[in-house]
Amino acid sequence: MDTLTPQRRHSVDSLFVEDPQVGVFRFSPKVYCDPDLFRDEQKRIFDRCWLYAGHESELAKPGDFLTRRVGGRPLLMVRGADNRIRLFHNACRHRGAMVCRERSGNARAFTCFYHYWSYANDGRLIAVPEAESYGPGFDQSTMGLYPVRFESYRGWIFVNFSRDSMGLIEYLAEARDLLDMILDQDEDGSVILPGAHEYSMRANWKMLMENTVDIYHLNSTHSRFMRDYLPHVLGLKTPDPRTANDGAMSPRGLGNGHAVIEYKKFSGVADEAKRKAWQAKFGVERANQMLDYTRTLVLFPNTLFIEQRRVIRTTFPLAPDQSEITGFPLMPAVDDPEVRKQRLDIYLSFLGPAGFATPDDNEVMELIQKNCAGLPEDAMIDCSRGMTSAHPKPQDEAQMRAFWRQWRETMGAA
Amino acid sequence: MASAADHAALRSELEAFLYEEAEMLDNWQLMEWTALFTEDAIYRAPALDDPSRDPANSVFLINDDLPRIQSRARQLLGETAWAENPRSMTRRLITNVRVVAVEGDTIRATANFLIQRSRMERIVTYVGQYRYKLVRAGTGFKFAERIVILAQDTLRSQGVMSIIV
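Line order of the protein sequences matches chains A and B. Going left to right, the first sequence walks through residues 1 to 414 as this note's numbering numbers them. Going left to right, the second sequence walks through residues 1001 to 1165 as this note's numbering numbers them.
As structure tokens, then:
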């Protein structure tokens, strides 16, 4: 364990200025570029928080597996012959090489090619060539793949690399209700479609957590999307940012750093039959909220769900100024083909390395990063929008402050 | 049946067309470039791990019809495609042009590409194969399908793909 001192708490707190009376919330750009903070984040955040790792629909049949790096660790996720999903470190118990080098597939066993040790798809070590050379202290039955702690919520698989952190349900706090509101709309369940976007940015991972719930930047950073694609390809009116989201609930923290913003759907009016059915099922107010508004959810530390675009987005830092970003398309398992096409259009027009918005987000985050280390010692990033308002708007920054308060707490706690 | 000589002549004609296209893109003559497409054209880049998937049931990197191709070009030429303002400097090497099949006025062909993109002190490359369906149009060709198969397993090292590839 790292050693923590009162000085350390102070040094993290000193990165922030928060004054609710005058509505000021600011933080030092060091949070984006300091190498010591980056190292601490690995231990305090990525080794202790629940991290989205995958979706049960990606492992549909017994033997289905996928490999993925989560929190800097190569993992093997596999549905065993007994139909149970398990997660392992993708590492041979002999010398530690990765036992599976495919991205996904179906297998009964995984063999490390170094010395041909083999593991069943439930993780048991089932073959060791020339095993007679080992002494009595070598107990093959205890040499299965290292399991990884994980829990699923409605198909979303989260991992935790700490044994003593709180359980997933407690961790999700009020975010669970928002996840329910989103996932209840997929009446036959949800599936991850193939084709996840895997790209990167030369900027700190936390910027993506802010940028994805920043409504304020839509009309400036995404001007080309709002003023060309929206009107000229989709035939939709560019919304007036001051009134576009009237009626949406205020952005708010959901506990443990999670947060939500809500805004009006750009297009599409729910058919009345569906509205009636949902009103009966979920209550009038909740059904209308589900149908007329759309939400983006921040799951601290590094997972986002953009309901309108149906993307589960994760980011993992490789360095203070280098982050991997992955976008997984989550769609209703049963979908009308025409509606599915619309969903995919909405997804792809905005998102991804060649989308009409993502490259511009990357551009601005990289411009911030280039400045971070060289700004004056007392320079601050401003995150104060809507702080004195009793009812902050989606285009305010309350959702980001919820993230930062949790980050400050996690990084500074004794 | 087309003879070997016919194929060689066609390939040479195609090469000239594709080199002109590459020059247009490198020179940012993007509206002129959009005129190289048929009304029902598609411009696609499938996911990197499996180019054979159906765009109706998986996510691509690019899946443009003509209105989107035109919007993409207009956006990139406007001032607010921030990722390309200032613009990237590119040079495209188009090689290994092969005529795959000829049916009447429709030609299926492939070509390999290497695009170097330089911008704001960073150089990235995109490498892959184009798979074309072309139709005769006057003295030249038009793209009915222009499919980009990237020979890369992720875009992690490039970051994004904000130019027309």
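In this text, a Cβ means the ideal position worked out from N, Cα and C, and glycines have one as well.
Closer than 8 Å to chain B by CB, residue i
i                : result
ASP47 (chain A)  : no
VAL128 (chain A) : no
GLU324 (chain A) : yes
LYS341 (chain A) : yes
ALA53 (chain A)  : no
VAL334 (chain A) : no
MET201 (chain A) : yes
PHE356 (chain A) : yes
HIS197 (chain A) : yes
ASN302 (chain A) : no
HIS10 (chain A)  : no
MET1 (chain A)   : With a pLDDT of 43 at MET1 (chain A), under the threshold of 50, the modelled position of this residue cannot be trusted, and the question is left open.
ASN362 (chain A) : yes
LEU236 (chain A) : no
VAL191 (chain A) : no
ARG454 (chain A) : Any question about residue 454 (chain A) goes unanswered here, given that chain A covers just 1 to 414.
ALA398 (chain A) : no
PRO337 (chain A) : yes
Per DSSP, cross-strand counterpart(s) of residue i
i                 : result
GLN1129 (chain B) : B:ASN1112 and B:ILE1149
MET147 (chain A)  : According to the sequence shown, residue 147 (chain A) is Pro rather than Met. Looking at the DSSP assignment, PRO147 (chain A) forms a beta bridge with A:PHE88.
TRP498 (chain A)  : Residue 498 (chain A) falls outside the range modelled here, since chain A spans only 1 to 414, and no answer is possible.
MET77 (chain A)   : A:LEU66 and A:LEU87
THR410 (chain A)  : Beta-bridge pairing links THR410 (chain A) to no other residue.
LYS1142 (chain B) : B:VAL1135
VAL298 (chain A)  : A:ALA259 and A:LEU304
VAL1124 (chain B) : B:ARG1117
Nearest to residue i (by Cα), restricted to the options the options
i                 : options                                       : result
TRP404 (chain A)  : A:LEU230, A:VAL339, A:PHE16 and A:PHE88       : A:PHE16
SER104 (chain A)  : A:PHE65, A:ASP188, A:THR243 and A:GLU363      : A:PHE65
PHE300 (chain A)  : A:ASP292, A:LYS61, A:PRO239 and A:GLN399      : A:GLN399
TYR1126 (chain B) : B:GLU1145, B:THR1106, B:VAL1135 and B:MET1161 : B:MET1161
GLY23 (chain A)   : A:SER11, A:ARG275, A:GLN395 and A:ASP382      : A:ASP382
MET290 (chain A)  : A:GLN185, A:ARG202 and A:SER162               : A:GLN185
THR294 (chain A)  : A:ILE368, A:PRO147 and A:ILE182               : A:ILE182
THR1106 (chain B) : B:SER1003, B:GLN1152, B:ALA1151 and B:PHE1141 : B:PHE1141
GLU130 (chain A)  : A:TYR116, A:MET143 and A:GLN279               : A:TYR116
ASP361 (chain A)  : A:PHE225, A:THR410, A:PHE110 and A:GLY374     : A:PHE225
THR314 (chain A)  : A:VAL31, A:ASN204 and A:PHE113                : A:ASN204
TRP1066 (chain B) : B:LEU1155, B:ALA1151, B:GLN1158 and B:GLU1145 : Sequence inspection shows Leu at residue 1066 (chain B); the Trp mentioned does not correspond to that position. If we check each option's Cα against that of LEU1066 (chain B), B:GLU1145 comes out closest.
VAL159 (chain A)  : A:ASP335, A:TYR153, A:VAL148 and A:ILE169     : A:VAL148
ASN1063 (chain B) : A:ALA319, A:PHE316, A:PHE356 and A:LEU375     : A:PHE356
PHE20 (chain A)   : A:THR388, A:PRO394 and A:MET411               : Looking at the sequence shown, residue 20 (chain A) is not Phe but Pro. The candidate whose alpha carbon is nearest that of PRO20 (chain A) is A:THR388.
CYS49 (chain A)   : A:TYR171, A:HIS55 and A:TYR199                : A:TYR171
GLN1129 (chain B) : B:GLY1138, B:ARG1119, B:ARG1122 and B:ASN1096 : B:ASN1096
ARG202 (chain A)  : A:PHE25, A:MET411 and A:VAL364                : A:VAL364
PHE305 (chain A)  : A:ARG95, A:ASP292, A:PHE282 and A:MET331      : A:MET331
THR1034 (chain B) : B:ARG1011, B:GLN1070 and B:GLU1023            : B:GLN1070
is_contact[residue i, chain A] using C-beta, thresh 8 Å
i                 : result
THR1154 (chain B) : yes
GLN1116 (chain B) : no
PHE1017 (chain B) : no
GLY1128 (chain B) : no
MET1161 (chain B) : yes
ILE1062 (chain B) : yes
VAL1124 (chain B) : no
ALA1045 (chain B) : yes
ASN1112 (chain B) : no
SER1058 (chain B) : yes
ARG1092 (chain B) : no
Run of the beta strand (DSSP E) containing residue i, from where it starts to where it stops
i                 : result
LEU1155 (chain B) : Run containing LEU1155 (chain B): none; DSSP gives neither H nor E here.
ALA127 (chain A)  : 125 to 127
PHE16 (chain A)   : 16 to 19
SER104 (chain A)  : 104 to 106
Residue range of the alpha helix (DSSP H) that includes residue i
i                : result
PHE25 (chain A)  : Element bounds for PHE25 (chain A): not the alpha helix (DSSP H) but the beta strand (DSSP E), 24 to 27.
TYR119 (chain A) : It is not in any alpha helix (DSSP H) - TYR119 (chain A) instead sits in the beta strand (DSSP E) that spans 118 to 120.
GLU285 (chain A) : 284 to 292
ALA109 (chain A) : Run containing ALA109 (chain A): none in the alpha helix (DSSP H); it sits in the beta strand (DSSP E), 109 to 111.
ASP177 (chain A) : 175 to 183
GLU170 (chain A) : 168 to 172
(request) Run through the stretch 34 to 74 of chain A for me and flag every whole beta strand (DSSP E) of 3 or more residues, listed as ranges in chain order. (result) DSSP runs (the beta strand (DSSP E)) wholly in the stretch 34 to 74 of chain A: 51 to 55 and 64 to 70.
(request) Enumerate, from N- to C-terminal direction, the unbroken beta strand (DSSP E) stretches of 3 or more residues contained entirely within the stretch 185 to 271 of chain A. (result) Runs found: 190 to 192, 197 to 201, 252 to 255 and 258 to 264.
(request) Quick one: which unbroken beta strand (DSSP E) runs of 3-plus residues sit fully inside the stretch 1048 to 1113 of chain B? Chain order, please. (result) Annotation note: the stretch 1048 to 1113 of chain B contains the following uninterrupted beta strand (DSSP E) runs of length 3 or greater, listed N- to C-terminal: 1062 to 1065 and 1089 to 1103.
(message) At 3 residues or longer, what runs of the beta strand (DSSP E) sit wholly inside the stretch 305 to 390 of chain A?
(response) DSSP runs (the beta strand (DSSP E)) wholly in the stretch 305 to 390 of chain A: 311 to 319 and 322 to 332.
(request) Write down every uninterrupted run of the alpha helix (DSSP H) in the stretch 1015 to 1053 of chain B whose length is 4 residues or greater and which is fully enclosed by it, in chain order. (result) Runs found: 1030 to 1034.
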